[in-house]
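Some notes on the structure that comes next.
Number of protein chains: 2
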Amino acid sequence: MRTDKEALADRLRQIVSSEAAEQFLDELNGLRAEDVAEAIGRLELADAVSILQALDSDLAAYVLIELPTETARAVINELPDATIAHYLDILPMDDAMDLREELDPDRFESLLNVIPQEDAQEIRRLMSYPDGSAGQILTEDFVEVGPDATMAEVIGVIRSGLEEEYETVNYIYVLSADRHLLGVLTLRRVLRAHPDAPAREVMNANPMSVPVEMAEEEVARILARYGFTAIPVLDHRGRIVGIITADDAQSVLQDAQTEDVLKLGGVSGDAEAYPSLSIWQLVKRRTPWLLILFVAEFFTGSVLRHYLGSAADDDPNSTLSIIAKLQLFIPLLIGAGGNSGSQVTTTITRALALGEVRSRDWWLVMRREFAVALIIGGILGLFGFARAVLPGLGWSQPLPLSITVGIALPCIIVWAAVVGSMLPIGAKRLGIDPAVMSAPFISTFVDATGLIIFFEVARRVLAAYGLVI
Amino acid sequence: MRTDKEALADRLRQIVSSEAAEQFLDELNGLRAEDVAEAIGRLELADAVSILQALDSDLAAYVLIELPTETARAVINELPDATIAHYLDILPMDDAMDLREELDPDRFESLLNVIPQEDAQEIRRLMSYPDGSAGQILTEDFVEVGPDATMAEVIGVIRSGLEEEYETVNYIYVLSADRHLLGVLTLRRVLRAHPDAPAREVMNANPMSVPVEMAEEEVARILARYGFTAIPVLDHRGRIVGIITADDAQSVLQDAQTEDVLKLGGVSGDAEAYPSLSIWQLVKRRTPWLLILFVAEFFTGSVLRHYLGSAADDDPNSTLSIIAKLQLFIPLLIGAGGNSGSQVTTTITRALALGEVRSRDWWLVMRREFAVALIIGGILGLFGFARAVLPGLGWSQPLPLSITVGIALPCIIVWAAVVGSMLPIGAKRLGIDPAVMSAPFISTFVDATGLIIFFEVARRVLAAYGLVI
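Taken in order, these protein sequences are the chains called A and B.
Numbering-wise (this note's numbering), the first sequence opens with residue 1 and increments by one.
Numbering-wise (this note's numbering), the second sequence opens with residue 470 and increments by one.
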């Protein structure tokens with residue numbers, strides 16, 4: 001079921017270029033939005049846009065919100081206002097809110113003037129809640145009844161509603177005239193109670209609720225903890241403003257977990273599917289922390305220099321002195337290798353766990369990681385060289401030593417990227433849990449092998465200057 | 470809502486020792502099992518057992534399965550067979566299966582002979598599926614109808630069922646006479662269709678399902694991906710064996726995530742709440758990987774020795790030679806510090822994210838981590854000393870150097886534990902996301918500060934032997 005995404009993407013590519021697309025489009029319209037989105041995410045932008053426009057709008061709108069943020073943003077830029085307004089109209093409000101993140105604010109504002117007034121008002125209300133709060137993921141599409149409604153009337157409300165009017169009909173919320181939450185009915189209980197019984201006698205009068213300002217992650221944890229499928233959201237005066245459903249909470253939780261895992265591995269940024277990130281975005285997510293850690297590791301070098309300074313400084317050209325000087329850079333080099341290896345292995349292990357990457361994608365991953373590591377390695381290499389050679393800011397080391405550092409750093413970082421990406425994928429292929437290729441394991445492995453790279457680079461560079469170690 | 474767990478635990482402690490417990494028990498019986506379990510988990514074993522036995526059985530059974538595994542196991546050992554059999558009877562079968570993990574196999578087998586025959590048979594069926602497969606978390610309590618049943622009849626089935634007979638009534642499964650899955654009805658659609666319409670005309674005839682052998686984690690990911698609240702499970706001949714509900718899938722996913730995060734941080738073991746783990750269990754989860762990495766780091770030392778060997782070996786008692794020898798141990802020492810720091814920070818950050826630990830628990834965490842680090846540090850210190858001093862296996866280093874290594878290791882590991890636990894908690898208290906105190910950050914911080922510890926220990930030990938660096 002989850003194995004033929006690449007095949008689907010291939011067929012989509014053929015479709016775009018052929019005229020005999022009708023039959024396949026029918027088939028496509030029978031698929032789930034999540035699956036179509038995954039396949040479309042693998043296409044070129046122009047192809048993705050034309051497939052999306054060929055789909056039924058009902059499906060296309062949901063496919064759009066399932067696309068990774070970056071892809072969705074690019075697709076939306078290509079779509080006419082009328083199409084997006086139509087999608088906004090189709091989607092439940094909490095999903096429509098998701099599209100906001102992918103739209104230029106001015107364009108979103110002008111779209112709000114095109115869609116039905118009532119929808120626009122609801123979106124504006126949701127937008128007024130703080131970012132990342134419960135208010136931003138709630139839906140106002142819940143079933144509500146008064147305390148005196150009978151069970152027969154409750155069923156009548158559900159029967160007469162439009163097909164997609166309510167996000168869930170499993171909970172029915174009992175409200176007072178001024179919209180205070182009095183209690184909750186489950187549909188199961190409604191069906192079982194006497195048809196003439198009033199809601200106030202059947203309802204659970206003490207339901208759990210959350211305030212609208214609560215962080216969305218916290219709401220999601222409460223839903224998960226108690227196994228609820230929905231929870232009502234109240235304003236500060238106890239009036240209901242909407243409900244949050246478990247599927248939205250689940251997405252919040254998964255993104256939060258991904259961000260936590262990546263942060264623990266020293267990678268910053270929002271939860272985004274690995275394949276949808278460009279080389280530059282990967283570089284951007286990893287370089288800040290690496291640079292901070294790199295600068296912090298200068299301090300380790302300074303500690304070494306403090307304790308070993310005398311040995312390194314007397315008799316500048318003796319073998320012993322050169323070796324002592326080389327050693328000052330060891331923590332810097334193996335630190336950079338270990339940290340970038342941790343980043344890569346954390347990223348890839350998470351992508352494997354979420355099914356964003358499969359073991360047969362290894363060559364794709366390798367090429368990407370190689371390119372990313374070359375860029376990051378180049379940046380750190382320049383910094384390392386400057387640190388070593390500069391007289392004021394740096395340590396005024398001899399040029400051969402500084403060149404050694406500048407060359408060894410990119411080599412070690414590329415090596416760390418290869419090890420850090422291929423070991424989890426290899427483990428997965430062998431049927432071993434990729435997470436056992438832990439960050440500490442990669443760091444330790446890169447420590448030893450990185451040192452070999454460092455000394456071999458040093459031997460060659462120093463030999464070119466007539467120095468021997 | 471989530472802030473008064475310790476207060477609840479305190480009140481529970483008072484209750485156990487007082488006679489005026491009646492009123493509080495009533496109050497307790499009105500709480501949710503998850504909350505009672507969290508409070509009970511903080512009590513002494515004897516107190517936990519007496520509270521549990523005082524509760525209504527309906528609540529107590531659910532509290533028991535919400536307890537952390539180790540606590541539940543201890544509590545169950547104290548409970549009489551009759552009580553456990555009664556709990557097994559109350560619980561849905563998929564939850565009853567959870568209890569099996571906490572019971573001695575012989576005892577579980579004998580309990581199966583005490584509970585109703587039908588339940589025992591269902592448990593035996595579930596037990597026959599592979600560990601960690603969909604079969605182990607499914608429930609057989611779903612609503613089923615034939616293809617010719619009318620909507621009015623479907624509602625009749627739901628109405629006439631016992632209150633807790635079905636895990637969910639939101640999906641109704643349409644089965645052929647030989648129990649093949651023909652389609653699925655949502656309760657919403659049942660209510661909206663004509664009362665005389667047969668199931669075969671209303672149902673979704675192409676529902677998603679999973680095979681019974683599929684790994685439970687994979688099933689959970691499918692439920693999360695599509696936002697389903699339940700999914701049917703089929704045997705290899707396409708007959709339905711049960712359904713898996715989203716709340717069970719959610720628990721599977723959360724545990725899997727916790728295990729993945731911890732593994733990435735180099736900590737082995739099942740997902741268990743941090744506070745429920747004893748000092749020894751924490752030691753057991755961390756020592757294996759640390760030892761493996763420690764041994765691997767010997768190799769780093771060997772690489773250094775290979776390239777720097779000449780400098781370290783000639784003129785054994787000169788300052789330069791001693792310093793060169795000290796340096797051979799640097800990767801070993803900062804590696805051990807970095808790795809144990811990563812373990813601690815990963816563990817604590819995850820516990821903070823799951824709400825198992827709060828920032829005001831810092832002193833408890835500090836004491837535990839201090840004790841754990843002392844034990845682990847002692848073990849690694851012994852290994853490090855042996856590695857340094859032993860002539861055959863080791864490097865035949867002078868005694869003062871070996872003693873330095875043996876003392877510096879525990880000091881660095883204790884320091885790493887304090888830093889690795891207090892930085893995330895401090896961040897949380899300051900309102901910063903604890904995950905920014907990433908494993909690479911802790912490693913780098915411990916690199917520099919660990920070196921200072923190493924050299925300061927070295928200076929003192931060597932001075933005692935009349936050597937100066």
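Just so it is clear, CB atoms sit at the ideal spot from N, CA and C, and this is done for glycine as well.
Keep in mind the model is a prediction, meaning the values are calculated, not measured.
* Give the single residue among B:I799, B:S790, B:E741 whose Cα lies nearest to the Cα of A820 of chain B. => Ranking B:I799, B:S790, B:E741 by Cα distance to A820 of chain B puts B:E741 first.
* Asked: Got a sec? Which residues, its chain only, sit under 6 Å from L332 of chain A by beta carbon, not counting five neighbours each side?
  -> E297, G301
* Find the residues of chain B that neighbour T346 of chain A, judging by a C-beta separation of less than 7 Å, and give them in chain order. => L733
* Under 7 Å Cβ to Cβ from D564 of chain B, same chain only, skipping five residues before and after it: list those, please. => I534
* With a cut-off of 7 Å, does the C-beta of V730 of chain B fall near any C-beta of chain A? -> Residue contact with chain A for V730 of chain B: present (Cβ-Cβ distance below 7 Å to some residue of chain A).
* Does N29 of chain A get closer than 7 Å to chain B when you measure Cβ to Cβ? -> no
* In this structure, does DSSP put P680 of chain B in helix, strand or coil? -> strand
* Using 10 angstroms around the beta-carbon of S940 of chain B, count the other beta-carbons present and answer buried if the total reaches 16, otherwise exposed. => Not covered by the structure: residue 940 of chain B. The range shown for chain B is 470 to 938.
* Asked: If you pair each beta-carbon of the segment 123-140 of chain A with each one of the segment 223-241 of chain A, do three or more pairs fall below 8 Å?
  -> yes
* **Chain-ordered chain A contacts of T818 of chain B [CB-CB under 8 Å]** => For T818 of chain B, the chain A residues whose C-beta falls within less than 8 Å of its own C-beta are D260, L264, listed in chain order.
* Asked: Contact check, T245 of chain A vs T139 of chain A under 8 Å by CB: the rounded distance?
  -> At roughly 7 Å, the Cβ-Cβ gap stays under 8 Å, so T245 of chain A and T139 of chain A are in contact.
* **Listed by chain order, chain B residues near V478 of chain A by CB distance under 7 Å** => Beyond the ends of chain A as shown, which are 1 and 469, falls residue 478 of chain A; an answer cannot be given.
* Straight-line Cα distance separating T404 of chain A from I379 of chain A -> Cα to Cα, the separation comes out at about 15 Å.
* Buried or exposed for N113 of chain A, please, with buried defined as at least 16 other CB atoms from any protein chain shown within 10 angstroms of its CB. => exposed
* Could you give the DSSP three-state label for F142 of chain A: helix, strand or coil? => strand
* Asked: If we ignore side chains and look at the alpha-carbon of each, how far apart do R594 of chain B and P585 of chain B end up?
  -> 15 Å
* Closest to T347 of chain A by CA distance: which of A:L328, A:D270, A:L304, A:L382 is it? -> A:D270
* Run the CB neighbour count on R471 of chain B, radius 10 Å, all protein chains shown included, and call it buried at 16 or more, exposed below. => Because R471 of chain B carries a pLDDT of 44, less than 50, the predicted location of this residue cannot be relied on, and no value is offered for it.
* Specify, as a first and last residue, the run of the alpha helix (DSSP H) that G847 of chain B falls within. => 831-858
* Contacts that G420 of chain A makes with chain B (C-beta to C-beta distance below 8 Å) -> Result: empty, since nearest Cβ-Cβ is about 12 Å, beyond 8 Å.
* **Start-to-end residues for the beta strand (DSSP E) that takes in G652 of chain B** => 650-655
* To do: Please go through the segment 202-259 of chain A and give each complete alpha helix (DSSP H) segment of 4 or more residues, from N-terminal end onward.
  => Complete alpha helix (DSSP H) runs here, min 4: 216-226.
* alpha helix (DSSP H) runs wholly inside the segment 78-118 of chain A, at least 4 long, in chain order -> 81-90, 93-102, 105-112
* **Chain-ordered neighbours of Y695 of chain B on chain A, where CB pairs are closer than 8 Å** => R32, E34
* Pair every Cβ in the segment 68-80 of chain A with every Cβ in the segment 98-107 of chain A, then say whether three or more of these pairs are closer than 8 Å. => yes
* Residue range of the beta strand (DSSP E) that includes Y642 of chain B -> 640-644
* **Other residues of its chain near P561 of chain B: CB distance less than 7 Å, five sequence neighbours each side excluded** => T608, D610, E636
* For chain B, find out if any of its Cβ atoms is closer than 7 Å to the Cβ of F455 of chain A; answer yes or no. => yes
* Just to check, is the beta-carbon of G450 of chain A closer than 6 Å to a non-hydrogen atom of the ligand MG? -> As for the ligand MG, it is missing from this structure, which has no ligand bound.
* **I407 of chain A to F329 of chain A span [Cα, whole Å]** => 13 Å
* To do: Identify every residue that forms a DSSP beta bridge with T472 of chain A.
  => Nothing in the structure corresponds to residue 472 of chain A, since chain A is present only between 1 and 469.
* Would a C-beta distance cut-off of 7 Å place S745 of chain B and G510 of chain B closer than the cut-off? -> yes
* What is the C-beta distance between P440 of chain A and L762 of chain B, in whole angstroms, given that I count them as a contact (C-beta under 8 Å)? -> About 6 Å separates the beta carbon of P440 of chain A from that of L762 of chain B, a gap short enough to meet the 8 Å contact definition.
* Asked: Relative to the C-alpha of G182 of chain A, which residue among A:R225, A:D119, A:V190, A:M203 is closest?
  -> Residue identity differs from the one stated: residue 182 of chain A is Leu in this sequence, not Gly. Measuring from the Cα of L182 of chain A, the nearest candidate turns out to be A:M203.
* Range of the contiguous alpha helix (DSSP H) that encloses Q53 of chain A -> 45-54
* Note down the Cα distance separating V419 of chain A from A336 of chain A, rounded to an integer number of angstroms. => 14 Å
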